[in-house]
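Residue numbers are given in numbering that gives the first Met the number 0: position 52 of the sequence shown equals residue 51, and the series is strictly consecutive.
Even for Gly, the Cβ is constructed at its ideal location relative to N, Cα and C.
Note that the coordinates shown come from a computational prediction; the quantities given were computed from them, not determined experimentally.
One structure is given below, encoded as structure tokens.
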Amino acid sequence: MTGVVDARQYEPSRLRRWLGASEPLWYGLIGLVVVGGAWELAARLRLIRPILLSSPSAIFESAIREFSAGRIWTDILVSFAEYGAGLLLALGIGVIIGVVAGWSDRAGAIINPWLTALYVTPIVALVPVFILWFGIGIQMKIFVVFLLALFPIAINTLAGVRAAEHRFIRVARSFGASEWRLLTTVVFPGTVPFIFTGVRQASGRALVGVVVAELIASNQGLGFMITLAGSTFNTPKVMLGILILALFGVFVGGVLQRIEQRFEGWRPEAAP
């Protein structure tokens, strides 16, 4: 029929939709290329001393050498194992603490001061004490990661429990729901977005914990590699270790942010 326009011809193609959805990624890559190019140019023109900051090309050459030799894989696996174990342990215990403190006013009165005090305590300064407790093995690093990651998860979980919509709780109680039923079907689903917010915040602190613990006392891991390379003025290798940690942190943060956005609709509305 003449005069009828097919709406499908105005729909963006799959490629165009993908490009639109990935716009932040492209801008991030453009910024990375610009900064990297300016950094390389400054190094080539001797505007910066290579021994202090190296250059992207030197870091790339160092990466080829280290990955070809194979030693760096052990350091990466050790650091990421410490990171994963500490973060998972913090997730399990932090959620339990947050739920208990948020659901029970009496438990909250006991737990809250400790959460606040330990959250602002410089855990890094206690690493020498942890070395006395655990030695310099992997247990000490996992414990440092655990402590640094615990409090953001516990505090956000507590906030999520207390943000539960009271109208739903009242309705559930009017139908005779038990406390366990209330927690599992009403309170906890609304707490999930808060938990992922806490995990995303904790992921960065956990990575700091890995590096600090390995810098102070270790014989394996990326922190140890960075320390050893720095003591021999191997700046490209130092920057390579830092770059691996930064890329890993960005990747983990991006994944957690995507997951958090998926559950954002579960976040309870403000109480009337």
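Inclusion of residue 245 and residue 143 in the CB contact set at 8 Å is not warranted, their separation being larger than that value. In summary, residue 112 is exposed, with fewer than 16 beta-carbon neighbours lying within 10 Å of its beta-carbon over all protein chains present. Shortest Cα-Cα distance from residue 235 to any of 36, 59, 137 involves 59.
Here residue 141 carries a helix assignment [DSSP, helix/strand/coil]. Scanning the segment 63–128 for uninterrupted alpha helix (DSSP H) segments of 4 residues or longer gives 70–102, 104–119, listed from N- to C-terminal end.
Distance between residue 125 and residue 43, taken at the CA atoms: about 42 Å. Going by DSSP, residue 47 is part of no alpha helix (DSSP H) at all; its letter is neither H nor E. Per DSSP, the unbroken alpha helix (DSSP H) holding residue 259 starts and ends at 234–261. In its chain, beyond the 5 residues on either side, 99, 100 have a beta carbon closer than 7 Å to the beta carbon of residue 106. If the five residues before and after residue 191 are omitted, its C-beta is found closer than 6 Å to the C-beta atoms of 262, 265, all from its own chain and listed in chain order. For residue 226, the three-state secondary structure derived from DSSP is helix. According to the DSSP assignment, residue 198 belongs to the alpha helix (DSSP H) that extends over 187–215. In the structure shown, the three-state DSSP call for residue 148 is helix. The Cβ neighbour count for residue 206, taken over all protein chains shown within 10 Å, is at least 16; the residue is labelled buried. Shortest Cα-Cα distance from residue 233 to any of 32, 61, 248 involves 61.
Between residue 224 and residue 71, the gap from beta carbon to beta carbon is short of 8 Å. If you draw a straight line from the Cα of residue 45 to the Cα of residue 51, it comes to about 12 Å. Contact between residue 195 and residue 258 holds: their C-beta atoms lie close to 6 Å from each other, under 8 Å. Under a 10 Å Cβ-count criterion, residue 156 is classified as buried, with 16 or more other Cβ atoms of the shown protein chains found around its own Cβ. Rounded to the nearest angstrom, the gap between the Cα atoms of residue 66 and residue 96 is 42 Å. Taking 8 Å as the cut-off, the Cβ atoms of residue 204 and residue 148 count as close.
By the 16-neighbour rule on beta-carbons within 10 angstroms, residue 26 is exposed.
Note on residue 122: 16 or more other CB atoms within 10 angstroms of its CB, so buried under the neighbour-count rule.
The straight-line gap separating the alpha-carbon atoms of residue 117 and residue 129 is approximately 15 Å. Distance from the CA of residue 40 to the CA of residue 63, rounded to the nearest whole angstrom, comes to 21 Å.
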